[in-house]
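Everything in the sequence shown is counted per the numbering used here, starting at 8 for the first residue and increasing by one. Read the structure below first, then the notes.
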Amino acid sequence: MLHIFQYQPLRLITQTSLSSMCLKLMLSRPVAFAQIWKSWFSSHSLLGKKNIILMGPPGAGKTTIGRIVGQKLDCPVIDVDDDVLETTWNMSVSEKLQDVGYEEFLEEEGKALLKFSASGSVISLSGSNPMHAAGMQHIKKNGIVVYLDVPTTVVMNRLKSKGTDRIVGLSPGISLKDILQFRKQFYKRWFDIRVLCGGDVEAEVVAEKVLDAVKRYQDSELETFVSTRSSRSGRSKEDDSHKLYFSDVVTQGLALDGGLFVPERGLPKFTAEEWQGLIGVTYIERAQVILERCIHPADIPASKLAEIIETAYGENFSCSKVAPVRHLAGNQFLLELFHGPTASFKDFALQLVPHLFAYCIPRSCNYLILVATSGDTGSAVLDGFSRLHDNDKQRIALVNFFPEDGVSPIQKSQMIGCQKENAWSVGVKSDFDFCQTAIKQIFTNSDFTGFLTVEYGTALAAANSINWARLLPQIVYHASAYLDLVHQGIISFGSPVDICIPTGNFGNMLAAFYAKMMGIPIRKCICASNENNVLTDFIRTGVYDLRGRKLISSFSPAVDILKSSNLERYLYLIANEDGQLVTQLFNQLENQGHFQLRKDLLGKLQQDLVAGWCSDEDCLAAIHSVYSTTGYILDTHTAVAKVVADRLQDRTCPIIISSTAHYSKFAPAILRALRIAEINQNPLSQLHLLSSYSALPPIHWGLLETLKKTGNGDHQVCAADMSVLMSHIETLIQNHFM
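Have a look at this one:
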C-alpha cells in the first residue's frame, strides 16, 4: 500500500535549534514572530490529519490549484495522475487508457486509489476517479472533498486550447460535452464543498476560495442566527452557550422575544463570475448552489441537500424550467411561479421546507406545525407536508388556520381537499391578521407550549413566511429569473432590472431584496398592493398606521393583509441591526397601532423600495386588457402588480413581474373580468368554463385534479378566540400523537 504521511514543515531543524531560533525571533521581532506563528497555527489547525481532496472535470485546474493550496498550507501535494497512477502502472495515464480500454481503465484506477492513503495532504484527483464508488469511499474517509465546479463551456475551451483530444470515455458518437455532463452526477455524489470557478478567475483566487470554503466547512460557529429584536451591543458572552444554527431556527420558527430570526453575519455574497457560471444551468442546479451557501453543511450536508432539492422540484412541477420567465409586452416579463402542485409561488418553499424540517428536528420529539394563511399558503403547506415519508408523518403533523370567509371558493375547496392523515384545515371566523397574530401569541405563551411538551411530548413549530427556511427558496427564483433574462439575450450580466411583486406579508419582496444583496443587479423593488394599501402608505411616508383601518376583502385575497410580518426583517437590516429600535417600533405598533420611521431610515428605504396600489376595478380591467391583446390570462394578484408596474416603471430597463398564482384559483373574478354574464357557483364548473377559452397558460393540472377528486369535504370551523384555538390544537395533538 502506498502511504504518504504528514511531514513536519521544519523537519530539518533540530528541536534545540528551533527553540533557540524562535526565542531570538520572539525577543527581537515580537510582531513578526506573532504573525508567523499565527499563520503556521492557522494553516495546520485547518488541515490537521485530514486531507483536502480536489475533485472536478479535466481542465478544472485541480493540479495547479492543489500546488498553490499546498504551498499556502506548507503541506504535501499529491497529484493522483502523476504520483499515484503513473507510479503504480509504470506508464502514462494515456498509455494505460489506450492499453486496457475505458471500462477496464476505471476499474484499474479505482484499485490504485484503494491502495493509496495519505494524511495532512492536498490531493488532486483525476477527472474520472469519482466514477469508482469504492475508491471514492476509501479516500473520502480521511478527507474533505472540494468540488471545483467549472462551467462545461469553460472546460471545453480549456481542453481545446491544450490540444487534449482524449479523456476517459471519449469515443466515436459520444461528444466531449456529453461526457462532461454525464460525469457531473458523480461529482455531485461525493463532494462536501463546492467552489465555483469561472472562466477568467486566476488559480491563485480559486485557491483562496478553496481555503475559505474549507474554513467555513470546519467552523459552523460562524453561521449563527439572532432575533431581529436583539442588539449586538446587548449580547453577552453568556449568549455564546445559547447559539442558534439553521437547524434550530427551522424548528423553532419564531424567536422567544417575539422577533424573527436572521443570520448574524448576513447572507453570502456571490461574485459576478460566480453568478455568470450559473447562467446556462438548470433551475435545480441554481437552487443547489445558492442554498449550499446559505445552509451550513453541519446542518444539512450538500449530498442530502441535493436529494431534498431534487425531491422538491424534480417531478412536482409541471414545467421543466420550474420557474420560467415569459415575455409579456414591451419591457415587461412575467416570472411564472404557479407551476407547482397547488398553483402558487408558495409551492417553491413548501415543497422544500417539509423535508428540511424533517431532517433537522430531533427524533425524540413530536412536532405540530402551526400555519396561518390568507389563501395560497394553506394548500401548499398541506400538500408539502403530505409528501413526507410515512415514518416522518407519524411524528410531524400540521394544522392550517385560515379566514373562513376571506379566501376564494376554489382556494377553500383546495385547502379542504388537501387535508391528509397528518394535516388539517381549520376555518376561523375572522381575518388573516387575527390568524397570524394568534399564532405569534401561541408561540410566545410559554405556559401553553411548556404544557404541550410535558403532557404530550409535542413541540410547536411554524411554517409561515416568518420561518427563515421559507425565505431561502424565494431568493432562488428571483436570482434565477435574472439569469434567465441574461441566458435569453435580453440583457447582459450586470445590466439592471426592476422587480414588481404583489405584496402582503412582505416575504416575497424581502427575498428579492436579499437576492439583490447577494449580487443580483436589481435596481428597484416595486411593492404592489390592493386597497389594503398600508404598505404603500408606509413606503411613501414612513408612517405605518393601522388606526381606524379595517381589512377590505378584495379579488386578490393573498395580499389582504395589514400587518406585514417580514417587514420587521427588512427594518432590522436598514437600521444597522438595531434590535432595540425594532423592538420599540413593533411594540408601538402592537400597543398603539402605529409607528413612524426616522427620516434617515425612510431615506434608505426609499432607495430600495417603490410602492403603489390599485383598486379591484383596475385589477379586472388589466386582466381583460392583457387577454384581449395577448391571449394571456393574469391572475388577480399578478394583475395588481401589472397595474402598479405600468404606473411606476420608467421603462429604462426590463421589469420582472412576479406572477404569484395561477388564474384558475380565482375563477369567479377572472370570469367577471372576461365579462361572462352568468357564473356557475360550482368551482369545478368554473374551471371547465375557463378551459373553453384556450388561453395561455392552460388550466392548472393539479388544481383541476384536486377538485375532481375531493369537491367540498369536511373541515372544522372555530370562533376568533385564543382559548378556542388552543383547545383545537390540544385536541388535534391528542388525536394524532396519543
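For each residue, glycine too, the CB sits at the ideal point set by N, CA and C. None of the values given here were measured: they were computed from a predicted structure.
Original post:
Can you list, in chain order, the residues of its chain whose CB lies under 8 Å from that of residue 738, leaving out five sequence neighbours each side?
Top reply: none
Subject >> Own chain residues within Cβ distance below 6 Å of residue 134, not counting five before or after >> reply: 64, 65
Subject >> Helix, strand or coil at residue 232 according to DSSP, with G and I counted as helix >> reply: strand
Original post:
Which residue's Cα is closest to the Cα of residue 480: 554, 276, 266, 521?
Top reply: 521
Original post:
Does DSSP classify residue 414 as helix, strand or coil?
Top reply: coil
**OP:** Given a cut-off of 8 Å, decide if residue 352 and residue 539 are closer than it, judged by their beta-carbon atoms.
**Re:** no
Subject >> Residues sharing a beta bridge with residue 374, DSSP >> reply: 403, 466
Subject >> Cα-Cα separation, residue 627 to residue 646 >> reply: 8 Å
Original post:
When you compare only the Cα positions, how much space is there between residue 696 and residue 544?
Top reply: 38 Å
Original post:
Starting from residue 425 and walking both ways along the alpha helix (DSSP H), at which residues does that stretch end?
Top reply: Looking at the DSSP string, residue 425 is not in any alpha helix (DSSP H), and its letter there is neither H nor E.
Original post:
So who's on the other strand from residue 62, going by DSSP bridges?
Top reply: 154
Original post:
Can you name, in chain order, every residue of its own chain whose Cβ lies under 6 Å from the Cβ of residue 164, other than the five neighbours on each side?
Top reply: none
**OP:** May I have the straight-line CA-CA distance separating residue 73 from residue 300, to the nearest angstrom?
**Re:** 22 Å
**OP:** Measure the CB-CB distance between residue 421 and residue 710 and report whether it falls below 8 Å.
**Re:** yes
Original post:
For residue 131, which residues does DSSP report across the bridge?
Top reply: 61, 86
Original post:
Can you tell me whether DSSP reads residue 169 as helix, strand or coil?
Top reply: helix
**OP:** Run the CB neighbour count on residue 167, radius 10 Å, all protein chains shown included, and call it buried at 16 or more, exposed below.
**Re:** exposed
**OP:** Find the nearest neighbour of residue 743 within the set 189, 691, 431, 704, judged by alpha-carbon distance.
**Re:** 431
Original post:
Enumerated in chain order, which unbroken segments of the beta strand (DSSP E) with a length of 3 residues or greater are wholly contained in the region 295 to 368?
Top reply: 332 to 336, 339 to 343
**OP:** Could you check if residue 583 is buried or exposed, using at least 16 other CB atoms within 10 Å of its CB as the buried criterion?
**Re:** exposed
Subject >> residue 707 burial status per 10 Å Cβ neighbour count (16 or more: buried) >> reply: buried
Original post:
Does DSSP put residue 564 in a helix, a strand or coil?
Top reply: helix
Original post:
Can you round the beta-carbon distance between residue 463 and residue 740 to whole angstroms, since I take them to be within the 8 Å contact cut?
Top reply: 5 Å
Subject >> Same chain, Cβ closer than 6 Å to residue 691, neighbours up to 5 away in sequence not counted >> reply: 714
Subject >> Counterpart residues of residue 551 in DSSP-defined beta bridges >> reply: 602
Subject >> For residue 705 and residue 532, the rounded distance between their alpha carbons >> reply: 29 Å
Original post:
What's the gap between the Cα of residue 400 and the Cα of residue 669?
Top reply: 29 Å
**OP:** Answer yes or no: does any C-beta atom of chain C fall closer than 8 Å to that of residue 530?
**Re:** Any reference to chain C falls outside this structure, which holds one protein chain only.
Subject >> residue 509 - containing beta strand (DSSP E), residue span >> reply: 504 to 509
**OP:** Specify, as a first and last residue, the run of the beta strand (DSSP E) that residue 74 falls within.
**Re:** Careful: residue 74 lies outside any beta strand (DSSP E), inside the alpha helix (DSSP H) at 69 to 80.
Original post:
Just how far apart, CA to CA, sit residue 731 and residue 724?
Top reply: 10 Å
Subject >> Contact set for residue 220: own chain, Cβ-Cβ below 7 Å, skip 5 residues either direction >> reply: 153, 200, 202
Original post:
With a cut-off of 8 Å, do at least 3 Cβ pairs link the region 366 to 386 to the region 453 to 470?
Top reply: yes
**OP:** Tell me, to the nearest whole angstrom, how far the beta carbon of residue 273 is from that of residue 575; I am working on the premise that it is less than 8 Å.
**Re:** The pair is not a contact, with the Cβ atoms about 16 Å apart (cut-off 8 Å).
**OP:** Along the beta strand (DSSP E) that carries residue 617, what are the first and last residues, could you check?
**Re:** 616 to 620
Original post:
Assuming residue 662 contacts residue 534 under a Cβ cut-off of 8 Å, what Cβ separation, rounded to an integer in Å, is found between them?
Top reply: That pair is no contact at about 13 Å.
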